[in-house]
Amino acid sequence: MHFSWFHLIPALVKYPDHVLTAGFCTFLVAVLSLMAYAVSGKPEEALIPQQGVTLRGFFEVIVEGLSSLVESVMGPHNENMVPIIGSLFIFILMNNLLGLFPGFSPATDNFNTTLACGVFVFFLYNYAGVKENGIAYFKHFLGPLIWLAWLMLPIEIISHLVRPMSLGLRLFGNMTGDHTVLSIFLNLLPIGVPMVFYFLGMFVCFVQAFVFSLLTMVYISLATAHDH
Amino acid sequence: MKSFARSAFGFLATLFVAIPAFAQEAAAGTRGGPLFAIAAALAIGIAAAGGSLGQGKAAAAALDGIARNPGAQGKIFIPMIIALALIESLVIYALIIAFGLSGKA
Numbered sequence: 103m104h105f106s107w108f109h110l111i112p113a114l115v116k117y118p119d120h121v122l123t124a125g126f127c128t129f130l131v132a133v134l135s136l137m138a139y140a141v142s143g144k145p146e147e148a149l150i151p152q153q154g155v156t157l158r159g160f161f162e163v164i165v166e167g168l169s170s171l172v173e174s175v176m177g178p179h180n181e182n183m184v185p186i187i188g189s190l191f192i193f194i195l196m197n198n199l200l201g202l203f204p205g206f207s208p209a210t211d212n213f214n215t216t217l218a219c220g221v222f223v224f225f226l227y228n229y230a231g232v233k234e235n236g237i238a239y240f241k242h243f244l245g246p247l248i249w250l251a252w253l254m255l256p257i258e259i260i261s262h263l264v265r266p267m268s269l270g271l272r273l274f275g276n277m278t279g280d281h282t283v284l285s286i287f288l289n290l291l292p293i294g295v296p297m298v299f300y301f302l303g304m305f306v307c308f309v310q311a312f313v314f315s316l317l318t319m320v321y322i323s324l325a326t327a328h329d330h
Numbered sequence: 808m809k810s811f812a813r814s815a816f817g818f819l820a821t822l823f824v825a826i827p828a829f830a831q832e833a834a835a836g837t838r839g840g841p842l843f844a845i846a847a848a849l850a851i852g853i854a855a856a857g858g859s860l861g862q863g864k865a866a867a868a869a870l871d872g873i874a875r876n877p878g879a880q881g882k883i884f885i886p887m888i889i890a891l892a893l894i895e896s897l898v899i900y901a902l903i904i905a906f907g908l909s910g911k912a
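Laid out in structure tokens, this is it:
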């Protein structure tokens, strides 16, 4: 049994590590969002930017970056997707980064968490597609030509069912591999050399959270695309 | 090229000749034995070789595009990341299989 900060609290010993980390991250996100809500003030006041570096400016930079990312990938008329994709991104990023601290193992290091995120994305993009295109959404499972439908239907169904699996496996495998590399080099030489792998780990954490939300956006925009 | 082919053939031949010996050893113990270790190493090794070739091609094409037209950097970046992620995911599948195999060794 490896060390975990959460296991210092006796009431929490019986829960697995990834559940505790996921709960802790959710708690952090909730606290940060309440803080953001508190500092942003009334809508009329929020129009005028504050001077200097403030907490409100910090949150505004994050929200603006996320919404410009969503706009650049999905086009200008998808503002309603910003909160859900931003939440996914921030949750995964905080989980990943928490794994770099000694004594925490990230929830994304466990396939249960990442598969849950993947299944959520699966339901999300199917819901978005049905909402946008109605019953015609299911027509795209039949492929471009109706006499090829018998061939395209199984292929499309399999490729859609594999998407949550591949989303989950990608995140899980990257984080596990990254932390395994880090722990091996920490065992080899505890001083100096692991620094490089901490930087690599930070890079991987960002890129994987980014890739997860990017693929979510791509799937949603594929599902909501209109046939012209 | 010829000497490379010959040495590769020699390597593979020794590998396949050695397999029955490993298999006999494996049957004696309760765990999988060295065969699983070789399988894990081959799985991640071959996958990493193929995946890095693919990622190199994608990154080279993206850098070519940016060098020809530096203004297109922002537009090239996101599709490049998507392509790299999709290529890398196959390597990650192999990594997971290698983890599973090395757990049995």
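These protein sequences, in sequence, are chains A and B. According to the working numbering, the first sequence is numbered sequentially starting from 103. According to the working numbering, the second sequence is numbered sequentially starting from 808. Just so you know, even glycine gets a beta-carbon here, dropped at the ideal spot from N, CA and C.
Report the residue from A:V221, A:P296, A:M304, A:F301 whose alpha carbon sits nearest the alpha carbon of Y321 of chain A. A:V221
Does the contact criterion of 3 or more C-beta pairs under 8 Å hold for the stretch 208-226 of chain A versus the stretch 131-149 of chain A? no
Any C-beta of chain E under 8 Å from that of L317 of chain A: No chain E is part of this structure, whose protein chains are labelled A and B.
Is it the case that the Cβ atoms of S896 of chain B and S268 of chain A are separated by a distance below 8 Å? yes
Write down every uninterrupted run of the alpha helix (DSSP H) in the stretch 244-273 of chain A whose length is 4 residues or greater and which is fully enclosed by it, in chain order. none
Three or more C-beta pairs below 8 Å linking the stretch 112-123 of chain A and the stretch 199-210 of chain A: yes
Hey, out of A:L195, A:F203, A:K116, whose CA is closest to S285 of chain A's CA? A:F203
Looking at the structure shown, is K116 of chain A part of a helix, part of a strand, or coil, going by DSSP? coil
Residue environment, H330 of chain A, which counts as buried when at least 16 other CB atoms sit within 10 Å: Only weak support exists for where H330 of chain A lies, its pLDDT of 49 falling under 50; the coordinates are left without a value.
With 16 other Cβ atoms within 10 Å as the buried cut-off, status of T156 of chain A: exposed
Okay, do the stretch 254-272 of chain A and the stretch 291-306 of chain A touch, 3+ Cβ pairs below 8 Å being the bar? no
Over the uninterrupted alpha helix (DSSP H) stretch that includes T215 of chain A, give me the two end residues. 213-235
If you drop the 5 nearest sequence neighbours on each side, which residues of the same chain put their C-beta closer than 8 Å to that of V175 of chain A? L316, M319, V320, S323
Tell me whether the beta-carbon of F243 of chain A lies closer than 8 Å to the beta-carbon of L273 of chain A. no
Counting Cβ pairs closer than 8 Å, one from the stretch 183-195 of chain A and one from the stretch 159-170 of chain A, do we hit at least three? yes
Are the Cβ atoms of A869 of chain B and I889 of chain B separated by less than 8 Å? no
By Cβ distance below 7 Å, which residues in the same chain neighbour A855 of chain B in space, the five residues on each side in sequence not counted? V898
For F287 of chain A and M297 of chain A, I'd like the C-alpha separation in whole angstroms. 10 Å
Are F308 of chain A and L195 of chain A close, meaning C-beta to C-beta below 8 Å? yes
Roughly how many whole angstroms lie between the Cα atoms of Q310 of chain A and G270 of chain A? 11 Å
What residues from the stretch 876-905 of chain B come within 7 Å of chain A, judged by C-beta to C-beta, listed N to C? I885, I888, I889, A892, S896, I899, Y900, L902, I903
Report the option in B:G857, B:F906, B:G910, B:A867 whose CA atom is closest to the CA atom of I894 of chain B. B:G857
Quick one: Cα of A138 of chain A to Cα of A124 of chain A, how far? 21 Å
Taking only beta-carbon positions, decide if N289 of chain A is within less than 8 Å of chain B. no
For Q862 of chain B and L891 of chain B, which I take to be in contact (beta-carbon distance under 8 Å), what is that distance rounded to the nearest angstrom? 6 Å
Amino acids of chain B, ordered along the chain, whose beta-carbon sits closer than 7 Å to that of S268 of chain A: S896
Three-state secondary structure (DSSP) at A835 of chain B? Legend: pLDDT at A835 of chain B = 48, less than 50; position of this residue unreliable, value from coordinates given subsequently. Reduced to three states, the DSSP call for A835 of chain B is helix.
Going by DSSP in three states, A890 of chain B sits in which element: helix, strand or coil? helix
Out of A:F213, A:G201, A:N198, A:N197, state which residue places its alpha-carbon closest to the alpha-carbon of P266 of chain A. A:F213
What first and last residue would you give for the alpha helix (DSSP H) that runs through K241 of chain A? It is not in any alpha helix (DSSP H) - K241 of chain A carries neither H nor E in the DSSP assignment.
Less than 8 Å between C-beta atoms, sequence neighbours within five positions excluded: which residues of the same chain meet that for M887 of chain B? A865, A866, A869
Identity of the residue in A:V115, A:P145, A:F105, A:H328 nearest A238 of chain A by Cα: A:H328
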